[in-house]
Structure formats: C-alpha cells, structure tokens
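The structure under discussion appears below in the form of structure tokens.
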C-alpha cells in the first residue's frame, strides 16, 4: 500500500508463517492508539518495543484512510449497540449493559476490521483473476419496494431518502449519516436493516451492497468459519499450480454450492439463537425486578403495542396496548406512530419513557412494561402471568 492506503499493484498471495512478536487485547492497543501515556502504561501497551509500536501506529493511520475511502464510496456504517450479559457467579444474571468501548478501543477494532476487509477483497480479486472457484460473501441490493417503505417512515422523522431506479448504497449511507445523534437513530437504523437483504455465502460473485464492494469473500478466519477454510484449500491448489480442470474437480469435491448454502443456513440459525439468548437473559433478569421503574426509549411498535429499550439494564420489553392509558389506540404504519384517538397522545420511535416492569416471561423470552404516568398510578396495572 502507498501512503494513502492504496494498493501499489496487484495482490500477491504466498504461503507464510506468522511470527507473533506480542499479544495484546483490543483494550490495550486502544490505550496506545488513544495516546494516553498513563492508560497505555497501565494496560502494558507501552511495553511493546518501539518498532512494534511504530508498526501499530502506521497500521492505524492506514486503516483510517481505508475506512474513510470505503465510507465515501457508499459503504453502510451500521454499528448497532451490542448487549453485554454479566453473570452473577451463581448461575444467574447480574446485569445486561450496552457494550461500551473507549474511543481508542473502537479504533483498535476498526484497525483490524479494515485490514481484514482489505485482505478478504484482495483474495477475492486474486481468485477471480485466475478463473478459480470460490465461496463468495455476497450481499445483494435490497428490493426497491422495501427501501421505499423505509423511505416513507424515514421522511416522517425528518430523514430524506431519495429512492431512484436501482437503490445505491450511498443513498442509504447518507440517510444513516443524517440520523446520527438523533434519539430515534438506533430504532430507525434497525428498521433499515430489516429492509436490506441478509448477507450470505454463494458460489457466484454477486458483489456486496453493504460494503460497496464489487467482489468479496471470507478468507481471514479459517479456524472458525468453514467458508474461509474452503477458500484456503482453493488458494492452496492455485499456489500448487492446479490446472483449470483440477480446480473444477476441487470445486466439485468441496461442493462449493452446497457449502455456501449450508454455511448461510447455519449462520442464520446462530444469529437467531443469539437473539433468543439475549431476550431470555433479559426476561430472567427482570423477573426478579417486578414493580421496579426504569428509563427507556421507544424502539419499535406494532399491532401488539410499543417496544421500549431500557437504558440500564439494556433490555427491551413490550408495553401491550391493554397496558397503555385508556384510549382507542391506532397504529399509523406509514410513519410508525401510535396515536390515541380520544386524547390525541402519540408515541414515536425514540420517545423517552419511564416504565414499570409488570411481568417477565421466560417461556416467551419477553418482559412486559407499563407506562409510569405519575405517582398516583404507581399501584395500577395488572400483574399478569404471561408464561
């Protein structure tokens, strides 16, 4: 790469052996990148030799240029809060928090991410240039109708989304930038995610919409992802001088199409399990805190009522329609607004609310809330059993 992080020529792939000069956590490297000598000393980051420190700083500068250029090309910046489940040491849940990272730690994660993206894309180009098969990581453009539905909702929140013939990633990247820092940003970004197709593995190169890449695959983690291992085997065969016929036989032996389909299905299953575990732990935590009050924001809504994401603990629950103040409630789906016909009161994404825990069902993996309207309402509300 040159000083601006641009490739100076075509990528070269060789067999190599890693020589680890030091082992450091993201937190430790983040302290070094953040420039705080005291914090870096505390984490042990400054015990790295000067050459390794210089290499880290160079990699950091390069990664920042790579990220800036990728985002400028229209890549989607969809960093969503992640739930951190803290056990109590006795088989229970002590707390659930939104994972917090220092500025330096975020930079350390982004450093690895950008170099990983660079390596994965370089290998994809390398294999394509040699006519070799591969398991590609693809993300097809979203259905225009889905994006138009999102655009209607976004405009009601003051976020313009221009949908022309053929959705461009840059259009959605601009919308994400416009909503940054707004109280509804997290909820609206989640809505955008649902409008997109899910990334998957495929035997054909279909491009990656979210990354704004024409070609992409997974190569960097063969010890934990099967598609990467298949790609490594194919790369090895190319390095060994395999003929086109031998590569075709290898693709058939590896059953690239089936490997891609199975890996995609397993990934979707793993993501579903992860969400269910987070929801289950949230219900587990709150079933011991029935009657307590918390601050949160509206994170979604539907025919069942409004969903509220608590600030601390970081748990989402439902305020069912029957647990809202007495009114005739109507959902305006095109603007995601729940309105009371008689009172004129309404709820929108991002609205700050104070809620009380009514119930928590482990079977349904869900907590149920009621709004706290004032001290006089503290004793009201049902205590349903929703198991």
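In our numbering, the protein residues as written are 1 to 387.
Glycine residues also receive a C-beta, built at the ideal position from the N, C-alpha and C atoms.
Among the options, the one whose alpha carbon lies nearest that of residue i
i           : options            : result
residue 56  : 67, 92, 108, 15    : 108
residue 210 : 100, 76, 92, 366   : 76
residue 256 : 233, 280, 281, 197 : 233
residue 146 : 138, 163, 131, 249 : 163
residue 272 : 139, 249, 365, 246 : 365
residue 130 : 7, 196, 243        : 243
residue 178 : 11, 151, 93, 27    : 151
residue 327 : 316, 318, 317, 340 : 340
residue 81  : 329, 313, 360      : 313
Sub-8 Å separation of residue i and residue j beta-carbons
i           : j           : result
residue 21  : residue 62  : no
residue 352 : residue 297 : yes
residue 212 : residue 67  : no
residue 127 : residue 17  : no
residue 357 : residue 369 : yes
residue 294 : residue 355 : yes
residue 227 : residue 199 : no
residue 214 : residue 139 : no
residue 14  : residue 132 : no
residue 170 : residue 74  : yes
residue 79  : residue 27  : no
Residue i classed as buried or exposed, judged by whether at least 16 other C-beta atoms fall within 10 angstroms
i           : result
residue 270 : exposed
residue 342 : exposed
residue 125 : buried
residue 19  : exposed
residue 194 : exposed
residue 223 : exposed
residue 285 : buried
residue 114 : buried
residue 142 : buried
residue 309 : buried
residue 88  : exposed
Supposed close pair residue i, residue j - CB separation, criterion 8 Å
i           : j           : result
residue 350 : residue 184 : 3 Å
residue 136 : residue 188 : Not quite, the Cβ-Cβ distance comes to about 30 Å (not below 8 Å), so this is no contact.
residue 278 : residue 98  : That belief does not hold up - the Cβ atoms of residue 278 and residue 98 are roughly 12 Å apart, past 8 Å.
residue 231 : residue 320 : So it is not a contact: roughly 48 Å between Cβ atoms.
residue 362 : residue 280 : 7 Å
residue 324 : residue 303 : Wrong, their Cβ atoms sit about 13 Å apart, outside the cutoff.
residue 103 : residue 34  : 6 Å
Give a yes or no on contact between the region 142 to 159 and the region 322 to 336, applying the rule of three or more CB pairs nearer than 8 Å.
yes
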